[in-house]
Amino acid sequence: MSGWNVIVIGGGHAGLEAAWAAAKFARTALLVGNPATIGRMPCNPAVGGPGKSQLVFEVQALGGLMGRLADDTAIHTRVLNASKGPAVQSLRVQNERDAYAERAQEVLLGHPGIDVVRGEAADLEADGQGGWFVVTTDGRRLHARSVVIAAGTFMRGVTWYGRHSRAEGRQGEPPSRFLSEPLARGGHVLKRYKTGTPPRVRADSVRFADLLEIPADPQPRGFTGRPGPRAAESPTWQTHTTPETHRLIQENLHESPMYAGDIAGLGPRYCPSIEDKVVRFAHHDRHLLFVEPDGVQTSEVYLQGFSSSLPPALQDRLVRTLPGFEAAVIQRYAYAVEYDVVDSTELTLNLESRLLPGIFTAGQINGTSGYEEAAAQGLVAGTAAARRAEGLAELQISRETGYLGVLLDDLVFKGSDEPYRMMTSRVEHRLVVRQDNADERLTGLGFELGLVDETTRQAVQAKYQRVSEGIRSLQTQRVQGQPGDAWLRRPEFSLEDVEALGFTLPPLNAEEREVVAIRVKYAGYIERAERQLTAENRARELSLKGVEFGRITALSNEAREKLERARPATVEQATRVPGVRHADISALLVHLRRNEGVSRET
Numbered sequence: 001m002s003g004w005n006v007i008v009i010g011g012g013h014a015g016l017e018a019a020w021a022a023a024k025f026a027r028t029a030l031l032v033g034n035p036a037t038i039g040r041m042p043c044n045p046a047v048g049g050p051g052k053s054q055l056v057f058e059v060q061a062l063g064g065l066m067g068r069l070a071d072d073t074a075i076h077t078r079v080l081n082a083s084k085g086p087a088v089q090s091l092r093v094q095n096e097r098d099a100y101a102e103r104a105q106e107v108l109l110g111h112p113g114i115d116v117v118r119g120e121a122a123d124l125e126a127d128g129q130g131g132w133f134v135v136t137t138d139g140r141r142l143h144a145r146s147v148v149i150a151a152g153t154f155m156r157g158v159t160w161y162g163r164h165s166r167a168e169g170r171q172g173e174p175p176s177r178f179l180s181e182p183l184a185r186g187g188h189v190l191k192r193y194k195t196g197t198p199p200r201v202r203a204d205s206v207r208f209a210d211l212l213e214i215p216a217d218p219q220p221r222g223f224t225g226r227p228g229p230r231a232a233e234s235p236t237w238q239t240h241t242t243p244e245t246h247r248l249i250q251e252n253l254h255e256s257p258m259y260a261g262d263i264a265g266l267g268p269r270y271c272p273s274i275e276d277k278v279v280r281f282a283h284h285d286r287h288l289l290f291v292e293p294d295g296v297q298t299s300e301v302y303l304q305g306f307s308s309s310l311p312p313a314l315q316d317r318l319v320r321t322l323p324g325f326e327a328a329v330i331q332r333y334a335y336a337v338e339y340d341v342v343d344s345t346e347l348t349l350n351l352e353s354r355l356l357p358g359i360f361t362a363g364q365i366n367g368t369s370g371y372e373e374a375a376a377q378g379l380v381a382g383t384a385a386a387r388r389a390e391g392l393a394e395l396q397i398s399r400e401t402g403y404l405g406v407l408l409d410d411l412v413f414k415g416s417d418e419p420y421r422m423m424t425s426r427v428e429h430r431l432v433v434r435q436d437n438a439d440e441r442l443t444g445l446g447f448e449l450g451l452v453d454e455t456t457r458q459a460v461q462a463k464y465q466r467v468s469e470g471i472r473s474l475q476t477q478r479v480q481g482q483p484g485d486a487w488l489r490r491p492e493f494s495l496e497d498v499e500a501l502g503f504t505l506p507p508l509n510a511e512e513r514e515v516v517a518i519r520v521k522y523a524g525y526i527e528r529a530e531r532q533l534t535a536e537n538r539a540r541e542l543s544l545k546g547v548e549f550g551r552i553t554a555l556s557n558e559a560r561e562k563l564e565r566a567r568p569a570t571v572e573q574a575t576r577v578p579g580v581r582h583a584d585i586s587a588l589l590v591h592l593r594r595n596e597g598v599s600r601e602t
């Protein structure tokens, strides 16, 4: 078959979401080298975590797929930072690796609007009428009005095991050999990035009794509100490096392709290899490692935090220095992968190429790292590609919308010089855009975009109506002269404690009860954050004409230097300058308020 509205190249987490979103509008093709690899988790078998679970909740609220797949195949769920405030609490879901891919394939292969096409993309050719041909290596010319490239780490991919390399997109899979060329020919600047993955160890060679066991939360949570049937079935574990681990690494750094200068690609600062950890943090005598199962009846465990590109023989010795791993048998060795990425500042906020209209990119090809970042981009690119193909109006997600907006804004306006990873610290108003209110913030937008149906929208509206009724019931009842919300704001009181005093609530499920508790306990903080957000939005058009950035001592040194060089005309433009953080923008606003001579008109 030919003549699709959208062709998606690549079946990883970005490609999955792109095809899923696009198929809600029009006939879509998913071009993959091997359909059996669709939905594969090449790195850790888990979804979520700090900064990342918020993205998954937002993708779920927008009608995406990742949260559903994660819940369906969960074997361990845990809320991280549970003792801290809701702004930084994050759900992490451990998945059965094979089941995740099988479930993804089941959903996509069974979708009536998605045609899975096997082949390798060799070229992109404009049709002269706003559409594109994807030319495959066997000579087929697949036509679509829009194309989404979700090539992951495959574009001219090279894997490294010590000083030896081979052409691979990931272990055992051929690279995308030709796709870089048409992008470069179209004017895109391509960069080389690198990332890595830890070894997988045979589970029956590990002494789990010597490891620190981390149980799943007794009350499983999920991204969809419906945790899977095995969501608390497996623990995870912890071990750590030893002085012997560190000694072996230091003595063999010449075997690392990164330290030997073989790899030119830029690696992730926030997810360093074990070699980087030992060198950069030499004052630490140990580093924590997380031991994650690949399934309930697993044959492998994943050594999170031990990514490496050292030679296999040395990996055997290193892993056996870890407590509980003295007799470990490595089933799949760690490796580094080097690959091409586009300069994300050459894209629009909908991830469309500014140089090749109708070509969209999503995932690691845009210089990001992580399943969750990839899925979020896939959803945006697939939606925008389909809307463009259907002649529908373009809609954009702003930075203030949530983590997804911050991700897009950072990529497009600031770019990256290393694999970009979403973190809570990147989000200025994280108390307003929490994981628990993602559905309230974004379901309406999902409906407007055509991704969410009316039934789902009404269900979310009904949920928050019940939440409001629960809060009102606390406000209108009194015990010992105080309303229920005042009791609940006491740090030592939970919703159950308030009910024990005699307060009654309307029928609410566990998720709704949690929202009531968060909104009451943090009402003052949330209202203040919302006021600050509103004020900042109004201030974005303020003029910076005549401002001497170098004399504003409250700015960071980096911000002073970057602003002097860029000379932004407005506060809005200043927020787009790489290296200028939210605190610097706040300092600029304070400076403007104090200096009456500076014009506040654009």
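According to full-length UniProt numbering, the sequence shown is numbered sequentially starting from 1.
Beta carbons are placed, not taken as given, at the ideal position from N, Cα and C, and that holds for glycine.
Note that this is a predicted model, so its numbers are computed, not measured.
From the options, residue whose alpha carbon lies closest to that of residue i
i: Lys-521; options: Arg-92, Ala-87 and Gly-12; result: Ala-87
i: Glu-233; options: Val-427, Ala-216 and Gly-196; result: Ala-216
i: Gln-458; options: Glu-17, Pro-42, Arg-594 and Glu-440; result: Glu-440
i: Thr-77; options: Ile-274, Gly-63, Arg-68 and Asn-95; result: Asn-95
i: Asn-34; options: Leu-505, Glu-255, Gly-10 and Val-147; result: Gly-10
i: Arg-581; options: Ala-569, Arg-560, Arg-565 and Arg-594; result: Arg-560
i: Ala-82; options: Glu-514, Ala-375 and Ile-471; result: Glu-514
i: Gly-67; options: His-13, Ala-36, Val-116 and Leu-30; result: His-13
i: Gln-475; options: Gly-450, Thr-504 and Ala-462; result: Thr-504
i: Thr-242; options: Trp-20, Thr-224 and His-284; result: His-284
i: Ser-473; options: Val-516, Pro-491 and Gly-131; result: Val-516
i: Phe-447; options: Trp-4, Ala-21, Ile-7 and Gly-3; result: Ala-21
i: Ala-334; options: Ala-328, Thr-159, Gln-89 and Trp-4; result: Thr-159
i: Lys-463; options: Glu-512, Asp-453 and Leu-501; result: Glu-512
i: residue 603; options: Asp-436, Leu-508 and Thr-456; result: The structure shown does not extend to residue 603, since the chain is modelled only from 1 through 602, so no value can be given for it.
i: Pro-42; options: Val-189, Arg-200 and Gly-64; result: Arg-200
With 16 other Cβ atoms within 10 Å as the buried cut-off, status of residue i
i: Gly-110; result: exposed
i: Lys-545; result: exposed
i: Glu-428; result: buried
i: Gln-250; result: exposed
i: Asn-595; result: exposed
i: Lys-84; result: exposed
i: Phe-360; result: buried
i: Ala-121; result: buried
i: Glu-244; result: exposed
i: Val-590; result: exposed
i: Gln-377; result: buried
i: Gly-172; result: exposed
i: Leu-288; result: exposed
i: Gln-129; result: exposed
Residue i versus residue j: straight-line alpha-carbon distance, rounded
i: Glu-390; j: Ala-23; result: 12 Å
i: Thr-136; j: Ala-104; result: 24 Å
i: Ala-438; j: Gln-60; result: 8 Å
i: Ile-114; j: Arg-430; result: 36 Å
i: Glu-558; j: Ser-586; result: 15 Å
i: Thr-553; j: Ala-583; result: 12 Å
i: Leu-408; j: Leu-253; result: 37 Å
i: Asp-497; j: Ala-566; result: 55 Å
i: Leu-211; j: Gly-363; result: 35 Å
i: Phe-208; j: Val-319; result: 14 Å
i: Val-460; j: Ala-144; result: 35 Å
i: Leu-183; j: Pro-323; result: 47 Å
i: Val-8; j: Thr-28; result: 7 Å
i: Val-479; j: Gly-502; result: 7 Å
i: Arg-156; j: Arg-170; result: 11 Å
i: Gly-450; j: Thr-383; result: 9 Å
i: Gln-54; j: Arg-280; result: 30 Å
i: Val-148; j: Asp-485; result: 49 Å
i: Val-341; j: Arg-466; result: 46 Å
i: Tyr-403; j: Met-422; result: 8 Å
i: Pro-491; j: Ile-518; result: 12 Å
For residue j and residue i, believed in contact at Cβ under 8 Å, the rounded distance
i: Glu-418; j: Pro-268; result: 6 Å
i: Val-134; j: Leu-31; result: 7 Å
i: Arg-202; j: Ser-299; result: 7 Å
i: Val-432; j: Ala-529; result: 5 Å
i: Val-47; j: Glu-372; result: 7 Å
i: Val-291; j: Gln-331; result: Val-291 to Gln-331, Cβ: 14 Å. No contact.
Runs of 3 residues minimum, wholly inside the UniProt region "Disordered" (217-242): which ones carry the beta strand (DSSP E) assignment? The qualifying runs are 236-240.
Runs of 4 residues minimum, wholly inside the stretch 38-110: which ones carry the alpha helix (DSSP H) assignment? If we require 4 residues or more, the alpha helix (DSSP H) runs fully inside the stretch 38-110 come out as 53-61, 66-72 and 97-109.
Mind pulling the beta strand (DSSP E) runs of 3 or more residues that sit fully within the stretch 313-377? 330-332, 335-342 and 359-361, all fully within the stretch 313-377.
Return the chain-ordered ranges of every alpha helix (DSSP H) run that is complete within the stretch 143-219 and spans a minimum of 4 residues. Considered as a whole, the stretch 143-219 harbours 180-185 as its complete alpha helix (DSSP H) runs of no fewer than 4 residues, in chain order.
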